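Below is one structure, written out as structure tokens; comments come after it.
Residue numbers (the UniProt record's numbering): 1 to 84.
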């Protein structure tokens, strides 16, 4: 798993579900060392990081169509759309 995906999964599964940093720090995942987890929680809890996450949520909610076509290349998608 790529590092950015792993960070996202950590936030989703172990950070966002708790309301306070104390709870988050006490319930670290087994795969993460204590010092690393405490640093991760401290970074995620900064105002700058929270603002960045909210900005991303707003941007994703406004997105009408994704910028990727998935596994298929654009020529393949064009053929499928022409058939429809």
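For every residue, glycine included, the Cβ atom is placed at its ideal position computed from N, Cα and C.
Treat the numbers as computed from the prediction; the structure is a model and nothing was measured.
Query, Result
"Secondary structure of residue 83, DSSP reduced to three states", "helix"
"Rounded straight-line distance, which links the Cα of residue 78 to that of residue 55", "32 Å"
"Limits of the unbroken alpha helix (DSSP H) element including residue 42", "34–44"
"The segment 40–54 / the segment 14–26 touching (three or more Cβ pairs under 8 Å)", "yes"
"Reduced DSSP category for residue 31 - H, G, I as helix; E, B as strand; rest coil", "coil"
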